[in-house]
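Student: For reference, each letter of the sequence shown is one residue, going 522 to 976 in the numbering used here. Next up is a structure, given as structure tokens.
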Amino acid sequence: MDNKKATLELGTKPIGKLLAQYAFPAIIAMTASSLYNMVDSIFIGQGVGALAISGLAVTFPFMNLSGAFGAAVGVGSSTMISVKLGQKDYGTALKIFGNCVSLNAIIGIVFAIITLSFLDPILRFFGASDLTLPYAREYMQIILLGNVVTHMYLGMNAVLRSASKPRQAMAATVFTVILNTALDPIFIYVLDMGIRGAAIATILAQLVALTWQCKLFSNSSEIIHFEKGIYRLKSAVVKNIVGIGMSPFLMNATSCLIVIIFNKSLYYYGGDLAVGAYGIVHRISFLFFMVIFGLNQGMQPIAGYNYGAMKYDRMMRVLQYVIISATLISTLGFVVSEFFPYYCARIFTTDTTLIELARRGLRLGNIMLPVVGGQMVITNFFQSIGKAKVSIFLSLSRQLIFLLPLLLILPTFFGLDGVWLSLSVSDGVSAIVAVVIMVNYLRMFRVQAKTNAND
Numbered sequence: 522m523d524n525k526k527a528t529l530e531l532g533t534k535p536i537g538k539l540l541a542q543y544a545f546p547a548i549i550a551m552t553a554s555s556l557y558n559m560v561d562s563i564f565i566g567q568g569v570g571a572l573a574i575s576g577l578a579v580t581f582p583f584m585n586l587s588g589a590f591g592a593a594v595g596v597g598s599s600t601m602i603s604v605k606l607g608q609k610d611y612g613t614a615l616k617i618f619g620n621c622v623s624l625n626a627i628i629g630i631v632f633a634i635i636t637l638s639f640l641d642p643i644l645r646f647f648g649a650s651d652l653t654l655p656y657a658r659e660y661m662q663i664i665l666l667g668n669v670v671t672h673m674y675l676g677m678n679a680v681l682r683s684a685s686k687p688r689q690a691m692a693a694t695v696f697t698v699i700l701n702t703a704l705d706p707i708f709i710y711v712l713d714m715g716i717r718g719a720a721i722a723t724i725l726a727q728l729v730a731l732t733w734q735c736k737l738f739s740n741s742s743e744i745i746h747f748e749k750g751i752y753r754l755k756s757a758v759v760k761n762i763v764g765i766g767m768s769p770f771l772m773n774a775t776s777c778l779i780v781i782i783f784n785k786s787l788y789y790y791g792g793d794l795a796v797g798a799y800g801i802v803h804r805i806s807f808l809f810f811m812v813i814f815g816l817n818q819g820m821q822p823i824a825g826y827n828y829g830a831m832k833y834d835r836m837m838r839v840l841q842y843v844i845i846s847a848t849l850i851s852t853l854g855f856v857v858s859e860f861f862p863y864y865c866a867r868i869f870t871t872d873t874t875l876i877e878l879a880r881r882g883l884r885l886g887n888i889m890l891p892v893v894g895g896q897m898v899i900t901n902f903f904q905s906i907g908k909a910k911v912s913i914f915l916s917l918s919r920q921l922i923f924l925l926p927l928l929l930i931l932p933t934f935f936g937l938d939g940v941w942l943s944l945s946v947s948d949g950v951s952a953i954v955a956v957v958i959m960v961n962y963l964r965m966f967r968v969q970a971k972t973n974a975n976d
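See below:
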């Protein structure tokens, strides 16, 4: 299909079919990505040991921090590209793509240099103990050396989705997952490289996928493609990218802070294995969150395009579909967490203490999971239409305004259980706030839709 025709369909094709076209590939890709993270943890837990899972959990703040910079560029760029394509401003969309490539390369390299220079102190600050530091260090040394590859790979995938290429974005992710899964046992077991082998497998898989993405963007017949002269950073473009991307940046950066405090609280009340239990809880919960992320990624170009084209009725319809779908997915996650926690934990380890800690964490930490899906969609929706300030507030309200104080207060009364419960209570309160804000905006959108219909 002609690329311009595919882009124009965002404003004409029935919303249900359009969402299926964009969301299903993203869901498959994100689910595959989550499974690949789980496979990494399973290989590490079963092949290296329970403490290795704890060491891996210590690296989560690193992933959040790196992801914060990547999201600032990737989400900001893809949202701007969607809006510009909706406005049929193809020249500006191409310049945004060029600036996205340059920013990802610069940030990826600079972030790696700085963090590698202070790796041990950073990991200590993130909650590593004498027992878990060696595992965390071995893993992050490789991941950070390949950081620019990760940034470029994720950034290219975000642009592919915005440029009406959801299937190609899905293919890149699924291929990465399959290759990483195949390489994991080779590097961990056959070559006896332990947790370092898992990191090498991850970067190699992303590098191969990135090579294929570059080939796709080398096609000059596409609207978004590599072209001489688009890579020089433009202050206005960078400002807009960062402005829109500030919401996911702050979300990930705040997650980094929260996970640090979370790890320290877990270690204080439960020791190294409690930190490992969070690693398991995080992987299980993230499997369902990634499906919702896939829905959000499918919604993003549709909502962004129709907002840019002032087709508010279509924009509101896709929002409704995605909220309902996300709520069903998060409810399924609640059922799994509450009724099958032992079997979830047993996949990762045979250590009975770690299994019991993870079982308790799943049941207490995911009590409010049914309402999380809608909150995540609403936050992403405001990103998709460029309402950065609203999205930033919703992101920060859940983590800083609600979760952080609860994380400091509840454990003093309930010990380790209080650490897990802080997640559930903050989820419930932040969902209420998101719904209240969304209802007010929907009223405005309906008025604008009626005005457009009368003109």
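In this text, a Cβ means the ideal position worked out from N, Cα and C, and glycines have one as well.
Excluding five sequence neighbours on each side, which residues of the same chain lie with their C-beta closer than 8 Å to the C-beta of I724?
Tutor: I663, I664, L666, G667, V670, T671
Student: Might you give, ordered along the chain, the residues of its own chain that have their beta carbon closer than 7 Å to the beta carbon of V911, omitting 5 neighbours on each side?
Tutor: F903, I958
Student: So the candidates are D834, N887, A847, Q841; which of them puts its Cα closest to the Cα of A805?
Tutor: This sequence places Ile at residue 805; Ala is not what is there. Nearest option by C-alpha distance: N887.
Student: The alpha helix (DSSP H) spanning I716 covers which residue range?
Tutor: 715-737
Student: My output table needs one value for S916: the three-state DSSP class, helix, strand or coil.
Tutor: helix
Student: Would you say R645 touches the ligand HEM, meaning its beta carbon is less than 6 Å from a heavy atom?
Tutor: The ligand HEM is not part of this structure, which contains no ligands at all.
Student: Is there contact between the segment 792-808 and the segment 571-578, where contact requires at least three CB pairs shorter than 8 Å?
Tutor: yes
Student: Which class does A657 belong to by DSSP, given the choice of helix, strand or coil?
Tutor: helix
Student: Is the Cβ-Cβ distance between S918 and L883 less than 7 Å?
Tutor: No, Cβ-Cβ distance for S918 and L883 is not below 7 Å.
Student: Below 6 Å CB to CB, which residues in the same chain sit around M673 once its five sequence neighbours on both sides are set aside?
Tutor: Taken in chain order, the residues that qualify are N625, L731.
Student: Only counting the same chain, and skipping five residues up and downstream in sequence, which positions put a Cβ closer than 8 Å to that of I844?
Tutor: G894, G895, V898, I899
Student: Identify, in the order they occur along the chain, each residue of the same chain with its Cβ nearer than 7 Å to the Cβ of R688, setting aside the five sequence neighbours on each side.
Tutor: P546
Student: Quick one: measure Cβ to Cβ for D948 and V892, integer angstroms, because I've assumed they're closer than 8 Å.
Tutor: 6 Å
Student: Measure from the alpha carbon of L944 to the alpha carbon of each residue in I782, G629, R964, then state which is nearest.
Tutor: I782
Student: Does DSSP put R753 in a helix, a strand or coil?
Tutor: In this structure, R753 counts as coil in the three-state DSSP scheme.
Student: Are the CB atoms of G792 and G676 within a distance shorter than 7 Å?
Tutor: no
Student: Considering only the beta carbon of each residue, do T870 and G566 sit closer than 7 Å?
Tutor: G566 sits close to T870, with the two beta carbons spaced by under 7 Å.
Student: Taking only the alpha-carbon atoms, compute the straight-line gap between K749 and S587 and give it to the nearest angstrom.
Tutor: 28 Å
Student: Roughly how many whole angstroms lie between the Cα atoms of R645 and V780?
Tutor: 13 Å
Student: Please state whether the Cβ-Cβ distance between V763 and N620 is less than 7 Å.
Tutor: no
Student: Can the beta-carbon of S951 be found closer than 7 Å to that of M772?
Tutor: no
Student: Can you name, in chain order, every residue of its own chain whose Cβ lies under 6 Å from the Cβ of S603, other than the five neighbours on each side?
Tutor: Hits under 6 Å: S683, P822, G825, Y826.
Student: Which parts of the segment 859-945 are runs of the alpha helix (DSSP H), unbroken and 4 residues or longer, counting only runs that do not cross its ends?
Tutor: Taken in chain order, the unbroken stretches of alpha helix (DSSP H) that lie wholly in the segment 859-945 and span 4 residues or more are 862-867, 873-886, 890-905, 909-917, 925-935.
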